[in-house]
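Residue numbers (our numbering): 2 to 1177.
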């Protein structure tokens, strides 16, 4: 990665290198009409900003607007091509860049991206020519040198490869792939010592950086010439502040039913910095109450109205009871602490909530001076203390805490900030508090997904000792992972960057934050509307309050205008802190809770033009509340469309500040519900566009001071009456745009994740039914694969079952087929093939999912010599051999695109070793696929990206390039399976390398090659079902064994319901369905989700197993599957029924499901169960 200083220098050079034509164009451009010039610069600047935050489609829109406005605006054309390149629309990228090449043929950006496109498409000679043109303009570009070195190495031009790769490392020593390829070059040149050293250097980068970082083509990792170009005249996109509306806050706590009184002394006997008795009792009775406490708005009972949890810290247990207040929906609250079981009487400091078990109910974590407490929400208005059961061992001086999915596995983890370690206090002495006590180690608990947590602090690199107060997770660098800012008292805060491998790196100094010397309250938000998340940090001392603007390059700078408004250096004794759009004008204001007699709350209004003004008196908060202010939480408790405020005050009643007037401006409230991501959607980024402005917010956990705001995001829209766009980026990487969203409404967005796959197969293993895989992935009907083109299904499949996983039970082999996703299954025939073979061999069906005919014919491959390739690299030359050598759920990674099942074009290159003399060459490829669907295909097509089926290429020495020999290689049919590929006769020479490329989301776990002939004897017995019964089962629990996809399913742990839609129509009635599974005659068992077929086969018909042989099985199924995505043909209904002789699905008007007497009797006798909103 290029460091900031090098990049700044490089970017300056880029402008100089933009070419003569751009220089001429700028002269003409500056003479253009000012309005048009401003519009062009504005579109370009917004596009560049969107590129930096990964919003590629929106960036394309901005650059296209610039090009449409002025077809000769070179910056617009180049940036549009770069945006297409990063979004995977390679053909559009080439077309766009080629169209402007005549205007600026010596542009480094243009030549670099075109060279990358040449390389991706196997045109190495053209790539060399263009890369050399870039080097002529900038000889010190690391990435250009690297790619040239890689090309030369692949072509056997070793001296040139070495020269380029050494130059790349000289310029940028952190370019891991350059170290790896230079190592290969040196080893081949005979310099073993240096070659191994380069490999070791590469391995250090692999350990330090995640597989995602090393294996993906991402915006900032493609080099400076693949980044969008800023117009040197700068943007002209300043927003104009609204004139403001009259808003007042009224403290209504006295009439709200909230009787809470904080247990700390109203006049404290302790102040930070004074000398105190070195006695834990003094800490308990005076210090801990002084620092407490926090509060949280949350909907604990799921009724859609915000309830309130308040933490307490008095000198005794009797004065330390926490409280839960239920919203009565009439402006009042009822104390339900006792009924709910959450009245912990330890000395409470902070509160965090999150749905750690993904059961749709928010759970509570309470930090204490003493043992912390984890409450599980039982969903019936009560909670259970599961601290010990969950493996939580928090005992000390806990402060702020937050739930967060730091590893993006769909389960909320937990971070706890701890203050001081009082264990070493010496009786009889005095100490200055907190300066003379060491900090206590913070804790990161990883959620294992089964109700327990594991301490991962050390592994994550977060075990530094500090007096920590407030953790805030945010994506400060826009790379779609979760970073951490940790506020420390009396010590500098620390910014940690997520390495994406379960660890974090301290980037405080690099980010320019080392001067932020202390912090209590911390908040994150985009206050200036540039799509980068900023920081609000208060010190609680004369160090004042910092508003830190994110520059967009990984660094921050203090906002001088805010410092002026807030009084730099003024001791406001601030505690709680939050961004808040109190007047719904679309600009985030700043609210602080202070410990001052003249008032508990200070409010600074964001003017929208870069300035702030103290609005405390304007909103009626001057002199309100008095001293003792600590934590605050924000939320719309009365559901009127503006934000209310709750403030905890030591030794006093709290304040419930009701917003009066904010809803006169329009608004939108967004609630996220994850499905694939964590259920609360913590970490989701929501963007709203109304009028000419965009706002971007992130659903976050604990922040401020010991508190947490409502997770419902409230967007103020000013006077706008229409919403142009709502966009959600989920932690899973899925992007979603709800349609037809109106102002002044509460919008719930549910993640549209994996809701369709295939039926699932379970077999009796002697102890239980165990999950095998899904099936009929090739049998999907009605799915778009191209413009007005639908997938042609292959209706049958053989699924291998290892003999250890299917055991005889009471003379029967029994299997279960379940349907538990948002789809309808049509099952026509089932068979069990018993395959006996010598124990030193393996057997596999000739199965692979192809995009169209010819489909694979039935065959059983027998092998005993399968081995991994000699070497394996991804498309960028990174070693992936270890990832594909073992069947271990470890997969090479690649860059995903915002369309389910579709990725950036990626490839693997395999050297299969010496295959000379082999009569047969068979690839055995274990893997799985994240299916695309009709909606994701349509979205991708709209953006110029078509599905690319996996292709297989071989190297032609005589042509010096990769040549495609199999246009439709196929892929694994769903969840993990083994696909087979016959490569006999495909190699034109004794170079046995193959390249497999696709843009589908295919994950390879293990790849092996076999040269054994299928000559070993096998015995195959085909068994018909002797009993098949259709009935209700429920939804077996989805489980991630290692916290990562692909999932498995736990048959013995079914859920009773699932949030799935219904495809209306007649389904097969429950009971005996054995006759329907006898033959492929279009008489189906039609299954709804939540149902299963229990099938048994007579084991006697298999015959005895020969001595020294092994018994495996193949389950054969014939049928179809149809999901209910909006763009699936007839996706909302069961009908029209498919049939084997149809030309396609949907079929033509000249075709119809057979209407003979036998089919009519079948429909009348079996398909009698209507499911849907109403009868037809």
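Glycine included, every Cβ here is placed at the ideal spot set by N, Cα and C.
**Report entry** residue 997, buried or exposed, once every other Cβ within 10 Å from all chains shown has been counted against 16
**Finding:** buried
Query raised in the report: From residue 407 to residue 1160, what does the alpha carbon distance come to, in whole angstroms?
Result: 55 Å
Query - Exposure label - residue 960; buried when at least 16 CB within 10 Å - result: exposed
Requested in this report: Give the C-beta separation of residue 657 and residue 253 to the nearest angstrom, bearing in mind that I take them to be a contact with Cβ-Cβ under 8 Å.
Outcome: 5 Å
Query raised in the report: Among all the DSSP beta bridges, which residues are the ones paired with residue 138?
Result: For residue 138, which the question treats as bridged, DSSP gives no partner whatsoever.
Query raised in the report: residue 1031 to residue 1094, Cα distance in whole Å?
Result: 4 Å
Query raised in the report: Anyone know if the C-beta pair for residue 1117 and residue 1087 falls short of 8 Å?
Result: no
Query raised in the report: Would residue 1151 be called buried (16 or more neighbouring beta carbons within 10 Å of its own) or exposed?
Result: exposed
Requested in this report: Taking only the alpha-carbon atoms, compute the straight-line gap between residue 63 and residue 555 and give it to the nearest angstrom.
Outcome: 23 Å
**Report entry** Residue range of the beta strand (DSSP E) that includes residue 548
**Finding:** 546-551
Query raised in the report: By the 10 Å Cβ neighbour count, where 16 or more other Cβ atoms means buried, how is residue 1106 classified, buried or exposed?
Result: exposed
Report task. Report the option in 746, 747, 727, 196 whose CA atom is closest to the CA atom of residue 738. Result -> 727
Report task. Could you check which residue in 106, 513, 159, 153 has the C-alpha nearest to that of residue 137? Result -> 106
Report task. For residue 972, count neighbouring C-beta atoms within 10 Å of its own C-beta (all shown protein chains included) and say buried if the count is 16 or more, exposed if not. Result -> buried
Query - Spatially closest choice to residue 855 from 824, 794, 898, by CA coordinates - result: 794
Query - Backbone CA spacing between residue 1102 and residue 1081 [nearest angstrom] - result: 22 Å
Query raised in the report: Since residue 386 sits in a beta bridge, which residues does DSSP pair it with?
Result: 376
Query raised in the report: Taking the C-alpha atoms as reference points, what is the distance between residue 1046 and residue 895?
Result: 14 Å
Report task. Using DSSP bridges, identify the partner residues of residue 839. Result -> 1110
Query - Pick from 141, 351, 1171, 652 that is closest to residue 316, judged by C-alpha positions - result: 652
Report task. Measure the CB-CB distance between residue 395 and residue 321 and report whether it falls below 8 Å. Result -> no
Query raised in the report: How is the beta strand (DSSP E) around residue 144 delimited, first residue to last?
Result: Segment 143-155 is the alpha helix (DSSP H) holding residue 144; no beta strand (DSSP E) there.
Query - Residue(s) in a DSSP beta bridge with residue 846 - result: 861
Query raised in the report: From residue 871 to residue 995, what does the alpha carbon distance come to, in whole angstroms?
Result: 12 Å
Query raised in the report: Closest by CA to residue 458, which one among 444, 423, 449?
Result: 444
Query raised in the report: residue 404 and residue 353 look like a contact to me (Cβ under 8 Å); what is the Cβ gap, rounded to whole Å?
Result: 6 Å
Query raised in the report: Tell me, which residues are paired with residue 690 by DSSP?
Result: 695, 726
Query raised in the report: When you compare only the Cα positions, how much space is there between residue 878 and residue 185?
Result: 10 Å
Query raised in the report: Under 8 Å between the Cβ atoms of residue 344 and residue 384?
Result: no
Query raised in the report: Just checking my contact of residue 80 with residue 230 at CB under 8 Å: how many whole Å lie between their CB atoms?
Result: 6 Å
Requested in this report: Flag residue 1169 as yes if its beta-carbon sits less than 8 Å from any beta-carbon of chain B, otherwise no.
Outcome: No chain B is present in this structure, which holds just one protein chain.
Query - Three CB pairs or more closer than 8 Å across the segment 83-96 and the segment 111-126 - result: yes
Query raised in the report: For residue 774, does the count of other Cβ atoms within 10 angstroms reach 16, so buried, or fall short, so exposed?
Result: buried
Requested in this report: Compute the beta-carbon to beta-carbon distance between residue 1019 and residue 849, rounded to the nearest angstrom, for a pair I have assumed lies under 8 Å.
Outcome: About 20 Å separates the two Cβ atoms, so there is no contact after all.
Requested in this report: List in chain order: all unbroken beta strand (DSSP E) runs of 3+ residues lying wholly within the segment 1002-1046.
Outcome: 1003-1011, 1020-1024, 1028-1033, 1036-1040
Query raised in the report: Between 540, 700, 719, 624, which lies nearest to residue 710 when the distance is taken from Cα to Cα?
Result: 700
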